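Just below is one structure, and these are the notes that go with it.
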Amino acid sequence: MRKLSISTIALAAMLAAACGDDTGPVKPSDAKVDKKGTIFDKGPGGTEGLILPDGGPKAEKKEGGTTPPTCDAAAIGKICTQNGNECGNNATCLLTSATGGFCTCECTEDDPQTPLVNEDNCPNLAKNTCAKVELTGGTSKGFCLQTCDPKYGANDCQGKLACDPRSGAQFGIFDKAVCAFTGCSTNAECPVITGPVCKGCGADGKGCEPPTQKDCPAGQLCITYSGGDEGRCVFEGVCDTASGLCKDHTKGKAGALIGDACKDDTECAGNMRCLIQYDMSKYSKKGGETCTTGDDCCSNTCTAGKCTNAPCPILYRNGYCIISGCQFSKTLTNKACPANTACNVLFSGGMCQKQCDMTKAGDCRNNPNDYLGDYECRAWDNLSIGGVAAVTPQVHVCDFGVGMGCDTFKGSSLDCTSLGDANSKNATNMSCRTLDNKATTDKYDAMGFCLDDTASGTKIRSPLP
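Heads up, the sequence shown is in the numbering used here, so the first residue is 1 and it goes up one at a time.
What follows is the structure, given as structure tokens:
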């Protein structure tokens, strides 16, 4: 599993630095398969991932000549294309997609180790902020980003850029959204995923652009995934063209609850979506198999042409209904978490998860079709990110069991016990365990996950992934 750099601050821990959902917050229709950072949509499962400090969007800087000595404040946040001419002489175009990005200037970030001094030198700090961006080629630099408030019916961003609730977290800005990525302009860019798998435009791996109806029921389109022609059938959703954000759809199930099992978006409420069951072994390689980059591997690490060891489990077994974007529910009221759920800001933009009691076996999901380790009640209230509490204190949430490898904490003073109930002194024995429910001797074992002895599911995988 991926290894995060985690530091302890007072009684909590801060998962710091930049993260990314895909290689940039893509439109919902893009559904790319990519493991660089936190993931909005990954393969047919449409997975959601934790904010990963070593991830982040790999942007490409386009400019003429050397870095300009001054910054044009008026240019920051303008949408720009490949040639970057829109940015003028005193700004540069940071490409966040194949066709364009946003205008920006290089800057110096604020140093969190000097709380009495703000080193951020972006112009107009009431509107802009400096954040580190990982560039293509492996270098990182600070760039000025325009901050914004996500809302329907209006847009703080310029041009076709949207104030996506998940955007700020990709740059390590956990309490704000930024103007960095294009939003939707048509209802087709707000897909409501249904059950059928479709083959799109054939086996050439190029997919369909625009989406087609091939292999899907009447009234649905086929959205294919990058790197192949397999996809899912979808209904068109609802795009709010004024903001570039997708609104609630009308194809959902009234009365669906956060954490409910689901096969697709239609089995969750209109303001929710379904994290669809996703088999990692179908799209990634196990330890010892040949690889070119870490993206080929379940471990996300390729050494000497071979994937390092890590399980390739099924994620989101039987599906999980969520609301994404709850961190901005003050302006996006439809993203507010309902009763008996909590907003976990360890997911970009915040994700509503079901509340649970660690001491009650099965309280997390109580689904007889779940396997041991599929879901886990965790004390994310013990941790914070960017100084923001991950979950309301004293609240525990039903989390994705195999989404939290033991080696996540390697290199820090923390381990799986940090996710146990602090009030009961970890009475449920949260620790590093393999998927056959055996405690490991190495608390950072790459084959283990942070699980306790009150399993949400009891069936054990055989063979292990």
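C-beta atoms are modelled at their ideal positions from N, C-alpha and C, and glycine is treated no differently. Keep in mind it's a predicted model, so treat the numbers as computed, not measured.
(message) Measuring CB atoms only, is the stretch 115–135 touching the stretch 344–355, in the sense that at least three cross pairs come out at less than 8 angstroms?
(response) no
(request) Check the C-beta distance from G244 over to C184 and give it rounded, since I have them as a contact under 8 angstroms. (result) 6 angstroms
(message) Closest to A188 by C-alpha separation, out of G168, A154, K247 and Q170, would be which residue?
(response) K247
(message) If distances are taken between C-alpha atoms only, which option among N367, D452 and D370 comes closest to C406?
(response) D452
(request) Return helix, strand or coil for Y444, following the three-state DSSP convention. (result) coil
(request) Within the same chain, show all residues whose beta-carbon is closer than 6 angstroms to that of M148, passing over the 5 residues directly before and after it, in chain order. (result) Position check: residue 148 holds Cys in this sequence, whereas Met was assumed. Within the same chain, C148 has close Cβ partners D156, C157, C163, A177 and C179.
(request) Find out if the Cβ-Cβ distance for the pair M272, C321 is shorter than 8 angstroms. (result) yes
(request) Kindly list the residues whose CB is nearer than 8 angstroms to the CB of V388, restricted to its own chain and excluding five residues on each side of it in sequence; keep chain order. (result) F174, D175 and V345
(message) Extract the residue ranges of the beta strand (DSSP E) inside the stretch 381–405, only unbroken runs of 3 or more that lie entirely within it.
(response) DSSP runs (the beta strand (DSSP E)) wholly in the stretch 381–405: 397–400.
(request) Tell me whether G420 is buried or exposed, calling it buried when 16 or more other Cβ atoms sit within 10 Å of its Cβ. (result) buried
(request) Verify the CB distance criterion: does S431 have a CB-CB separation below 8 angstroms to chain B? (result) Absent from the structure is chain B; it holds one protein chain and no more.
(request) Below 8 angstroms on the Cβ atoms is my guess for A439 versus A310; work out the distance and round it to an integer in Å. (result) With a Cβ gap of about 18 angstroms, A439 and A310 do not count as contacting.
(request) Whole angstroms is fine: what's the gap from Q277's alpha carbon to I258's? (result) Approximately 16 angstroms between the Cα atoms of the pair.
(message) Which residue wins for smallest C-alpha separation from K306, given the options K285, L414 and A261?
(response) Restricting attention to K285, L414 and A261, the CA atom closest to the CA of K306 is found in K285.
(message) So, for I390: in the same chain, excluding its five sequence neighbours on each side, which residues have a beta-carbon less than 7 angstroms away from its beta-carbon?
(response) Contrary to the premise, residue 390 reads as Ala rather than Ile in this sequence. Cβ neighbours of A390 beyond the five flanking positions: N344, V345, L346, W380, D381, L383 and S384.
(request) From the DSSP output, in three-state form, read off M280 for me. (result) helix
(message) Could you tell me the alpha carbon to alpha carbon distance between T182 and L161, rounded to whole angstroms?
(response) 4 angstroms
(request) Taking Y283 as the reference, give the member of T293, C298, G294 and G270 with the closest Cα. (result) C298
(message) Going by C-alpha to C-alpha distance, which of F171, N121 and T114 sits closest to T466?
(response) Beyond the ends of the chain as shown, which are 1 and 465, falls residue 466; an answer cannot be given.
(request) Provide the residue span of the beta strand (DSSP E) that contains V345, from first to last. (result) Run containing V345: none; DSSP gives neither H nor E here.
(message) Here's the rule I'm using: 16 or more other beta-carbon atoms within 10 Å means buried, otherwise exposed. How should S456 be labelled?
(response) buried
(message) Just to confirm, is the Cβ distance from K78 to C71 under 8 angstroms?
(response) no
(request) Determine the burial state of N318: buried for a count of at least 16 other Cβ atoms within 10 Å of its Cβ, exposed for fewer. (result) Note on N318: 16 or more other CB atoms within 10 angstroms of its CB, so buried under the neighbour-count rule.
(message) Less than 8 angstroms between the C-beta atoms of T454 and T428, yes or no?
(response) The answer is yes: Cβ separation under 8 angstroms.
(request) Report yes if the C-beta distance between L221 and F143 is below 8 angstroms; otherwise report no. (result) For L221 and F143, no; Cβs fall outside 8 angstroms.
(request) Please name the residue or residues paired with S140 in a DSSP beta bridge. (result) E134
(request) Using the DSSP secondary-structure output, state which residues sit across from T129 in a beta bridge. (result) L145
(request) With DSSP collapsed to three states, give me the class of A455. (result) coil
(request) Between the Cα of D264 and those of H396, A98, P112 and P191, spot the shortest distance and give me the residue it belongs to. (result) P191
(message) I'd like the list of long-range same chain contacts for G448, defined as Cβ closer than 6 angstroms, with 5 residues on each side in sequence excluded.
(response) C406, C432, R433, T434 and T440
(request) Could you check what DSSP says for L275 in three-state terms: helix, strand or coil? (result) Here L275 sits in strand by DSSP.
(request) Taking only the alpha-carbon atoms, compute the straight-line gap between Q146 and D110 and give it to the nearest angstrom. (result) 16 angstroms
(request) Measure the C-alpha to C-alpha separation of N437 and M280 and round it to an integer number of angstroms. (result) 20 angstroms
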